[in-house]
Every structure is written in structure tokens, then in C-alpha cells.
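In my numbering, the protein residues as written are 123 to 529. From the three backbone atoms N, C-alpha and C, an ideal C-beta is built for every residue, glycine too.
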Ligand code: SAJ
């Protein structure tokens, strides 16, 4: 039996996928409300294919509990935030999960950490917890790091098809864990050591953050001299060895806007490029705000309360708002007297002031619509914005016009 600890954005789909492929799984989370929701037959976030996978896993006997289970394999999939001041990883959730595992596990157990961690985290924070409990690592407890690469919005497909990395102290244990993941994963599974696996995951997300920062910097240059950044990137990407990502209103989510900081926190004097990239991405919400003021001026608009942010999530087709560029923009603007209006077809909970749940009312109350997210639902309903002035930060309009502006 596998006990999956942490039933969030990564732990839940992983537990469901394993259960749906015949593995006996109990999912554990300390959040009782979340566990009760799952037990009552409902999922806890929106993701394509998740409800169907959930139904299959329930048919196959998956169970949910707030209790850690006595078993021989644990998968720890809990959040790893960073400390906003030092930029270093805050490993408290991983440490607390592993401590709880130690209280119940048997000798011979394999503890797989799936959470993204900075290189050295397992040595520094996880091994001591196991040793303090009187276990010898490699004899009594086996340690593995198996970082996850699935992307919100396409999680179920990617769980099945992505290549994976397994870091283990002991190659034989690595192979055993590889077989476990191969029960559902059709991608290639590489077995390496723990430090390499830790670093690999952080480097992948850092690569993407730096590439997006480059695109964002190009957008700023192009804005200054009225060049079309999208056309320029498109043409550059026709070069066989160039692949520039897209500029946008900022970078959100709990991965690309977080993981690169781990490296900056641990290697401050060696991460000039990474630190600067994070700063460029972090400056984009303000860049958007400045664009709003410029466009208002050009169009004779004076009332900022009639500006509406269309899209609140951190990216398209998800309901996840963590670290989203729209929230960053609202935070930067929170001391001003008048607040912007907000609407997102994917977000039904009330999470910010002046948030609308009725699109027509929202449209009625704004003159300038700022598209912050490229949800399909937004792309497919652009005609509804006819007559409005639009700032399109995601290039959902194919062509600009005298009413549609880009970044
Ligand atoms: N973004 C841009 N321009 C782009 C692409 C993205 O501005 O060209 C923005 C998005 O709008 C969003 C942010 O960047 O705000 C991050 O979005 P994303 O889709 O690039 O990535 P995440 O955070 O949803 O998922 C990433 C993925 N990592 C990589 O692609 C290297 C995923 O594979 C990881 O599993 C995930 O982080 C994670 O868990 O670490």
C-alpha cells in the first residue's frame, strides 16, 4: 500500500492515477475539510479529466484520511514555499510530514519526497529527522526524491506521458520506485542520485523563468520604440536553435515564480542572471499598470475605477490564483484610493474586493478591459468586448486595432 501525504495540486492527481492503475492507495492530508470533501465524492480543484480520474480511483478503492498509515511506501507531496526575506526554501511542511511518517512507519519503508526542493534540502532537513528517530538510512529507511513535472491545465495527460527523474541513494531502491511509477507512466524514467534530482527540477523551472524574463524584457524594449514583440519572437523562433517564450503580465503559480528563488537564496553571489530575471518578471504587473495609465490618457479616460481586470488566475484554463500577476498588480495598487474591478470566469469564490461574478455587470461597469489571462472562455468571447477599449496582455487578439492595445 502507498500512503500519499499531501492531497493538493500534485499529490491528489498522483494518488488518483496510482489507484486507477491498480495500486492500493490511501491519501492523507491534515486538512480535514479537504479530506471530507474527497470522501463525499467531490474533487477540490478544477482540472481537465480530474473528475473522471477521481471516479476511477474511487471505484478502485482509494481511501482518504487525515491519519498517516502504517505501510512500507510513502509519497510526500506537500508545499515548499520560500522565505520572502532570505529567498531560501522553507522546508517546514516537508520536515513535519516526514516527522509524522517516522512516527508510524515500519523498518524497511521507502520515503519518496515528490515536493520540489532546493539542492541539499534532503541532506540538510530530511535525513536528520529520520536519524533522530533512531533509523539508519539505507538499512531501516530508504530515501528517494522523485520530483513531479506535470503542468496545471494538462496534468492528467502529463502524468501519463512525461519523462520522470528518480533520485535515490541506492540504485536498487531507485529501480523499485521506477517500477512503481511505471505502473502508469509511459515516459522514460531516469534513475540518478538525490542531489542531482533536486537540482534538475529547480533548474528546469529556472530555465523557464529566465526565458520568460527575456521575453518580458524584449516586450519593454519593443514598447519603447513601437516594435511588435510578438512578430519579432515569432520570426526569431523560426531559427532552428532559438525558442523564446511569450511575454506576459508577470509570472505566477507556485513553481516558476518560486523555485528559482531557492538558488538565489543559497547561492546569492552566483545567481546574478537568475535574480535579475526574477526581478524583471516581478516588474511586469507594474509595467501593465503603467500601460493602463498611458492608454487611459490616450483615450481621455480619467476614472480608474472603470478599469477592469479580465482574468485573475495565474494562467489560462485553471482556477488557481496563487501568486497570480493580477493579484500582484492589485497588491501593488492597494494603497490607491480607487480600486480596479475584477472578473474571472474560472474563479467562483470571492477572493478580492470589487470582484464580479456576473460578466455582463462587469462589462457594464468598465470602459477599459485588461485581459490578464488567456482562458479559452475569454478567447472565444472576444466579440462581447466590442465597443470597449482593451489592453490585451496575453495576445489573445490576432491583430491590434485603435481599440485593442498590447503590452
Ligand atoms: N508564462 C509567461 N510566458 C510564457 C509561459 C508562461 O508569461 O511563455 C507565465 C504563465 O502565464 C504563468 C507562469 O509563467 O503565470 C508559469 O506558468 P507555466 O505554464 O510556465 O508553468 P507552471 O508554473 O504552471 O508549471 C511549471 C512547469 N515547469 C516547466 O515547464 C519547466 C511544470 O512542468 C512543473 O511541473 C511545474 O512548474 C512545477 O510543479 O514545478
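Which of helix, strand or coil DSSP assigns to residue i
i           : result
residue 437 : coil
residue 333 : helix
residue 264 : strand
residue 168 : coil
residue 286 : strand
residue 520 : coil
residue 248 : helix
residue 306 : coil
residue 386 : helix
residue 149 : strand
residue 174 : helix
residue 459 : coil
residue 454 : helix
residue 512 : strand
residue 185 : strand
residue 526 : strand
residue 380 : coil
residue 495 : coil
residue 477 : strand
residue 449 : helix
residue 272 : coil
residue 366 : coil
residue 468 : coil
residue 281 : helix
Closest by C-alpha distance to residue i, when choosing among the options
i           : options            : result
residue 402 : 157, 420, 372      : 372
residue 512 : 527, 367, 413      : 527
residue 475 : 491, 486, 501, 448 : 448
residue 412 : 359, 342, 468      : 342
residue 381 : 329, 440, 179      : 329
residue 270 : 319, 160, 251, 428 : 319
residue 229 : 147, 262, 301, 238 : 262
residue 181 : 146, 193, 156, 154 : 146
residue 150 : 168, 169, 130      : 130
residue 210 : 494, 390, 422      : 390
residue 437 : 477, 243, 496, 365 : 496
residue 307 : 135, 522, 516      : 135
residue 227 : 264, 208, 239      : 264
First through last residue of the alpha helix (DSSP H) which encompasses residue i
i           : result
residue 257 : That residue, residue 257, is in no alpha helix (DSSP H); it is neither H nor E in DSSP.
residue 208 : That residue, residue 208, is in no alpha helix (DSSP H); it is neither H nor E in DSSP.
residue 409 : 394-420
residue 216 : 214-226
residue 133 : 133-142
residue 503 : Per DSSP, residue 503 belongs to no alpha helix (DSSP H) and is neither H nor E.
residue 159 : 154-161
residue 507 : Taken as a continuous stretch (DSSP letters only), residue 507 belongs to no alpha helix (DSSP H), as it is neither H nor E.
residue 358 : 351-358
Span separating the alpha-carbon of residue i from that of residue j
i           : j           : result
residue 196 : residue 363 : 41 Å
residue 369 : residue 340 : 8 Å
residue 410 : residue 357 : 25 Å
residue 245 : residue 280 : 29 Å
residue 259 : residue 206 : 32 Å
residue 386 : residue 392 : 8 Å
residue 128 : residue 241 : 21 Å
residue 434 : residue 272 : 22 Å
residue 247 : residue 152 : 21 Å
residue 225 : residue 471 : 37 Å
residue 291 : residue 367 : 36 Å
residue 125 : residue 464 : 40 Å
residue 388 : residue 420 : 45 Å
residue 139 : residue 175 : 7 Å
residue 418 : residue 383 : 35 Å
residue 234 : residue 440 : 27 Å
residue 332 : residue 378 : 9 Å
residue 157 : residue 243 : 28 Å
residue 467 : residue 193 : 42 Å
residue 171 : residue 498 : 16 Å
Beta strand (DSSP E) segment containing residue i, residue limits
i           : result
residue 473 : Counting along the chain, residue 473 falls outside any beta strand (DSSP E), and DSSP gives it neither H nor E.
residue 190 : Neither: residue 190 is in no beta strand (DSSP E) and is coded neither H nor E.
residue 311 : 311-314
residue 429 : 429-432
residue 234 : 231-235
residue 126 : 124-127
Residue-chain proximity (residue i, chain C), Cβ-Cβ < 8 Å
i           : result
residue 222 : The chain labelled as chain C is not found in the depicted structure, where only one protein chain is given.
Residue i CB to nearest heavy atom of the ligand MN below 7 Å
i           : result
residue 373 : With respect to the ligand MN, the structure offers nothing, as its ligand set consists of the ligand SAJ.
Check whether the stretch 159-176 and the stretch 197-206 touch, using three or more Cβ-Cβ pairs below 8 Å as the test.
no
Would you call the stretch 287-297 in contact with the stretch 206-216, where contact means no fewer than 3 C-beta pairs closer than 8 Å?
Under the three-pair Cβ rule at 8 Å, the stretch 287-297 does not count as touching the stretch 206-216.
May I ask you to verify whether the stretch 443-458 touches the stretch 389-399, counting CB pairs closer than 8 Å and requiring at least 3?
no
If you pair each beta-carbon of the stretch 246-255 with each one of the stretch 322-335, do three or more pairs fall below 8 Å?
In short, these stretches do not touch, since the Cβ pair count stays below three.
Cβ pair count under 8 Å reaching 3, the stretch 428-448 against the stretch 374-384
Result yes; three or more Cβ-Cβ pairs closer than 8 Å.
Can you find at least 3 beta carbon pairs, one from the stretch 282-291 and one from the stretch 303-318, that sit closer than 8 Å?
yes
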